[in-house]
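There are 2 protein chains.
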Amino acid sequence: MDKAQDGHPEGYRVLTHDDIPAYIAGVPAIVAQLGGGPADWTVRDVADGNLNAVYLVDGPAGGVCVKQALPYVRVHHDWPLAVERALFEHAYMVRLDPFVGRGAPQLYHFDPTLFTIVMEKLEPHIILRKGLIEGRHLPKAAPDTATFIANATFNTSDLAAPFERKFEDIAHFARNQALLRITMDLVLTDPYREVWRNRYVRPHMEGWAASFRSDIELKTAVARHRIGFLTNTQALIHGDLHSGSVMVTEDDTRVIDGEFASYGPIGLDTGAFIANLIMSWYAHGAYDRPEADRRAYRDWILEQIAIFWATFRDRFLTLWENATEAGDAYPADYFTDTAGKARLATIRRDYLDGIFADTVAFAALKMNRRIIGYAQIADYLVIEDLERRARAQAPALALARALLTRPERFADIAAILDAIPRFERAGLDPDAARHL
Amino acid sequence: MDKAQDGHPEGYRVLTHDDIPAYIAGVPAIVAQLGGGPADWTVRDVADGNLNAVYLVDGPAGGVCVKQALPYVRVHHDWPLAVERALFEHAYMVRLDPFVGRGAPQLYHFDPTLFTIVMEKLEPHIILRKGLIEGRHLPKAAPDTATFIANATFNTSDLAAPFERKFEDIAHFARNQALLRITMDLVLTDPYREVWRNRYVRPHMEGWAASFRSDIELKTAVARHRIGFLTNTQALIHGDLHSGSVMVTEDDTRVIDGEFASYGPIGLDTGAFIANLIMSWYAHGAYDRPEADRRAYRDWILEQIAIFWATFRDRFLTLWENATEAGDAYPADYFTDTAGKARLATIRRDYLDGIFADTVAFAALKMNRRIIGYAQIADYLVIEDLERRARAQAPALALARALLTRPERFADIAAILDAIPRFERAGLDPDAARHL
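Structure representation (structure tokens):
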């Protein structure tokens with residue numbers, strides 16, 4: 001990549017709100033889609049995540065979403081971040097398009113100079129995290145996200161295609177290093193050491209933060225899964241599939257923001273989603289709502305976790321059972337007779353159990369990093385009383401510690417659903433929570 | 001890569017024996033090394049492996065080795081094979097140069113048009129396989145190869161360096177698909193199915209070949225390790241490290257032929273080496289030598305297997321313990337106090353146990369493919385009597401089956417050393433060998 005003197009790729013510049021109409025006017029296909037001309041278009045800045053600029057543009061005939069990778073972390077301008085990440089978000093969308101249908105926004109245009117993606121404007125969708133905080137019942141979110149992950153990961157794994165296709169992808173996505181470094185540091189390393197970027201509720205969570213830094217069992221488990229992230233090219237994963245990466249209505253669901261895409265363990269995606277449902281469950285305990293509403297919504301969340309896993313598992317198995325082209329993992333001529341077919345069923349269950357074990361671990365890692373770490377989540381930030389917030393966070397950390405250090409206690413999703421309410425008794429003293 | 005009309009890269013042509021002097025004359029650095037001019041040089045065709053052309057060139061001042069990737073399998077001209085494999089052999093040599101010292105031949109010149117590598121001429125080295133067949137005592141071969149593998153793999157793993165460096169390498173080596181396809185098919189898939197390429201001693205080994213095709217336990221284990229090969233980017237591995245890829249004298253050892261290089265499980269390299277020592281042990285049982293010599297040499301081989309593993313393990317642990325820069329797997333600030341240091345020692349033992357488990361499995365896979373598969377080995381081919389040959393092969397298959405399907409019986413190298421003589425009782429009936 002050629003770099004101009006400012007260290008950005010040649011020709012790159014940050015688009016401002018006022019630049020957007022002229023920029024769009026240079027892309028004929030998008031002009032046609034909006035209708036009219038620049039003077040007829042309205043532009044809204046809707047950036048919500050930590051990293052990028054996002055604008056919604058509306059014209060007489062329709063609307064689009066314009067997302068530009070900024071050369072720094074949007075919420076932290078003196079933290080530089082390579083704009084090339086947009087290449088990988090684009091590649092992720094293109095690679096998955098044949099498999100995920102309308103599970104992601106439609107891609108209209110990619111600009112490899114300004115690192116801008118123009119895509120379908122999702123309306124009246126909201127970010128799932130916002131819906132969860134508001135206590136909305138969004139019945140499609142969990143099963144649709146599960147289906148998306150199953151479609152995306154099965155079809156890019158060694159179960160679905162010859163390895164050459166996967167290795168071509170690996171050669172590409174292995175270059176997504178700026179964002180993989182963020183996952184490595186912020187998600188998989190920082191919460192267990194002292195580092196300037198870490199944030200947590202002070203002073204209430206000091207005890208938990210200190211216990212994370214000194215807990216050798218925990219850090220051993222963390223390191224094991226960090227190695228898994230670095231060495232296991234199981235499938236093309238989203239890499240950041242929390243409830244802020246899912247846009248929903250009551251009957252439609254889209255997964256967005258694939259810029260962290262890499263070949264890695266499938267459980268990182270399933271775990272990220274479950275982690276954010278679990279944290280929502282704990283956060284709701286501190287929301288100022290009528291008790292009956294709160295109880296009903298928490299029951300709904302637990303149900304969504306169950307539905308999410310069951311849907312993912314069923315969809316993944318169905319894709320495998322119906323695959324017409326076998327991947328290199330299990331050649332078509334290996335398990336053809338009756339005994340072979342029975343064995344293949346066992347192999348499939350074992351494979352899904354392996355994904356589940358990773359799901360448990362990565363769910364835990366994703367909870368920890370949202371509570372002891374740089375990127376906090378709105379589910380907790382909306383709880384203004386710090387002690388109340390901390391008391392809604394501690395149970396997530398206590399559960400996460402158990403998920404990582406006692407994985408044998410969590411062999412299926414039912415064990416996790418049982419544990420979530422039980423761990424609510426965990427408080428600000430990490431040692432006192434060890435009996436849960 | 002631009003392709004000319006014949007399907008080869010632009011400018012590529014196969015060099016013949018008579019082309020070599022003129023070719024070398026065009027590379028000034030090599031001319032200086034040989035001394036004199038083309039008329040003073042002698043060229044010997046010494047191709048020995050299955051894939052490439054290899055010439056030794058001698059001049060008044062010195063000699064070099066010229067290796068050219070041919071656009072087909074050298075021993076099977078109508079089997080096309082991408083010449084680009086030389087890129088990866090070259091990249092492997094360059095990448096490992098800082099770590100393996102004189103464990104590999106010195107690289108002099110790489111030609112990316114003719115896919116030719118000019119390197120150090122190894123003299124009076126012989127191929128280790130030849131030395132083993134002749135019953136030579138080569139005391140450095142096993143420990144030096146172990147040291148080479150430890151140096152190469154530790155330093156390219158997540159234990160030694162930040163992941164960015166590894167992922168850059170992965171992006172490159174993930175393109176070595178033509179040769180990875182050979183490993184996938186010939187080593188990891190074919191021996192357990194019917195395919196035209198398979199060769200074995202007929203009719204004597206028909207029973208074993210049939211049992212491999214119908215053995216569901218075996219094929220389940222094989223598939224598990226095939227997935228490991230496809231998904232575990234543990235370190236940069238040689239990928240074909242059998243006794244034909246090691247050149248030795250009594251006091252020097254060089255690993256050659258890194259064209260199968262990829263990021264994969266370290267146990268594939270350690271396992272390949274051990275497999276070839278085990279097969280040599282069994283083959284010696286059928287060689288026409290005095291019984292006392294044979295017994296002494298077999299004891300020497302068992303000793304080399306023990307030395308190989310102990311040296312690899314010690315070297316790998318020493319590198320880890322003394323690493324000044326920690327890789328991303330275990331950050332330097334994670335295990336610093338007394339309890340942490342004790343835990344790190346346990347983690348290291350567990351890591352080596354993991355490599356050992358892979359070693360056991362890949363050793364088995366490598367034995368199977370040399371007996372039921374395309375590429376047979378000279379250790380067995382020199383046994384002219386087919387039944388005698390088959391009876392020296394059956395024990396290797398019986399042991400391999402146990403290594404793959406009963407890995408819990410082989411927790412350390414001593415268990416393998418015990419098993420090798422015990423499995424010699426296996427014969428041509430695969431079922432009768434199940435009790436061993």
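Those protein sequence lines, which keep their order, are chains V and S.
Take the first sequence: its letters are residues 1 to 436, numbered as in the UniProt record's numbering.
Take the second sequence: its letters are residues 1 to 436, numbered as in the UniProt record's numbering.
For glycine and all other residues, C-beta sits at the position ideal for the given N, C-alpha and C.
Neighbour-count burial assignment, residue i, 16 or more Cβ in a 10 Å radius
i: V75 (chain S); result: exposed
i: P21 (chain S); result: buried
i: N322 (chain V); result: exposed
i: H225 (chain V); result: buried
i: P98 (chain S); result: exposed
i: G26 (chain S); result: exposed
i: M1 (chain V); result: Confidence is the limiting factor: at M1 (chain V) the pLDDT is only 45, short of 50, which leaves the residue's position unreliable and the question unanswerable from this model.
i: D40 (chain S); result: exposed
i: E291 (chain V); result: exposed
i: V94 (chain V); result: exposed
i: D350 (chain S); result: exposed
i: L386 (chain V); result: exposed
i: A419 (chain S); result: buried
Minimum C-alpha distance to residue i - residue among the options
i: D293 (chain V); options: V:T253, V:Q33, V:G135; result: V:G135
i: V195 (chain S); options: S:D144, S:D185, S:D288; result: S:D185
i: D379 (chain S); options: S:V201, S:V248, S:G354, S:W281; result: S:W281
i: P181 (chain S); options: V:I182, V:F167, V:P191, V:L179; result: Just to set this straight, residue 181 (chain S) is Arg in the shown sequence, not Pro. Per the Cα distances, V:F167.
i: A104 (chain S); options: S:R370, S:I305, S:A146, S:D78; result: S:A146
i: G131 (chain S); options: S:E250, S:G228, S:A221, S:L51; result: S:E250
i: L179 (chain V); options: V:R369, V:P80, V:I266; result: V:P80
i: R319 (chain S); options: S:G63, S:A161, S:K140, S:D48; result: Note that residue 319 (chain S) is Leu in the sequence shown, not Arg. Answer by Cα proximity: S:A161.
i: P430 (chain V); options: V:R295, V:A210, V:T189, V:R406; result: V:A210
i: E303 (chain V); options: V:A326, V:I278, V:Y374, V:E325; result: V:I278
Chain V residues whose Cβ lies nearer than 8 Å to that of residue i
i: A329 (chain S); result: A223, R226, I227, L230
i: D158 (chain S); result: I227, L230, T231
i: R193 (chain S); result: P331, D333, Y334
Listed by chain order, chain S residues near residue i by CB distance under 7 Å
i: A339 (chain V); result: I216
i: Y287 (chain V); result: What Y287 (chain V) touches in chain S: nothing, since even the nearest Cβ is about 36 Å away.
Neighbour list for residue i in chain V, Cβ cutoff strictly below 7 Å
i: D353 (chain S); result: The premise fails here: D353 (chain S) is roughly 13 Å from chain V at the closest Cβ pair, so nothing lies under 7 Å.
i: T220 (chain S); result: R343, I347
i: Q234 (chain S); result: T231
i: I170 (chain S); result: I170, A174
i: T189 (chain S); result: P331
Continuous beta strand (DSSP E) stretch holding residue i: start and end
i: R254 (chain V); result: 253-255
i: L56 (chain V); result: 52-58
i: R202 (chain V); result: No beta strand (DSSP E) holds R202 (chain V); DSSP gives it neither H nor E.
i: V66 (chain V); result: 63-69
i: P80 (chain V); result: 76-80
i: V31 (chain S); result: Not the beta strand (DSSP E): V31 (chain S) falls in the alpha helix (DSSP H), residues 28-34.
i: V246 (chain V); result: 246-248
i: T42 (chain V); result: 42-45
i: residue 439 (chain S); result: Because chain S spans 1 through 436 in this model, residue 439 (chain S) falls outside it and cannot be assessed.
Contact list for residue i against chain S, beta-carbon separation under 8 Å
i: M184 (chain V); result: F163, D328
i: F167 (chain V); result: A174, R175, Q177, L180
9 Å Cβ cut-off: residues of chain V touching residue i
i: R44 (chain S); result: Those do not exist, as R44 (chain S) stays about 37 Å from chain V at its closest Cβ, beyond 9 Å.
Extent of the continuous alpha helix (DSSP H) to which residue i belongs
i: Q234 (chain S); result: Element bounds for Q234 (chain S): n/a, residue is neither H nor E.
i: I117 (chain S); result: Unbroken run through I117 (chain S) is the beta strand (DSSP E), 116-120; no alpha helix (DSSP H).
i: T270 (chain S); result: 267-284
i: D299 (chain S); result: 291-322
i: Y108 (chain S); result: No alpha helix (DSSP H) holds Y108 (chain S); the beta strand (DSSP E) holding it covers 107-111.
i: M92 (chain S); result: Note that residue 92 (chain S) corresponds to Tyr in the displayed sequence, not to Met. Residues 85-100.
i: L128 (chain V); result: 128-133
i: N155 (chain S); result: 141-156
Partner residues on chain S for residue i, Cβ-Cβ distance less than 9 Å
i: R136 (chain V); result: Simply none; closest approach about 39 Å.
Closer than 8 Å is the cut-off here; do at least three beta carbon pairs connect the segment 227-236 of chain V with the segment 163-179 of chain V? Enough Cβ pairs lie closer than 8 Å, so yes.
Whether or not the segment 323-341 of chain S and the segment 390-399 of chain S are in contact is what I'm after, with contact meaning three or more pairs of Cβ atoms, one per stretch, closer than 8 Å; do they touch? Taking 8 Å as the limit for Cβ pairs, the verdict is that the segment 323-341 of chain S does not touch the segment 390-399 of chain S.
Three CB pairs or more closer than 8 Å across the segment 255-267 of chain V and the segment 81-94 of chain V: These segments touch.
Does the pairing of the segment 313-330 of chain V with the segment 151-161 of chain V give three or more beta-carbon distances under 8 Å? Pairwise C-beta distances place the segment 313-330 of chain V in contact with the segment 151-161 of chain V, as three or more of them are shorter than 8 Å.
Given 8 Å, three or more beta-carbon pairs between the segment 354-370 of chain V and the segment 265-282 of chain V: Enough Cβ pairs lie closer than 8 Å, so yes.
For the structure I just gave you, are there three or more beta carbon pairs, one from the segment 192-212 of chain V and one from the segment 282-289 of chain V, closer than 8 Å? In this structure the segment 192-212 of chain V does not touch the segment 282-289 of chain V; the number of beta carbon pairs closer than 8 Å is below three.
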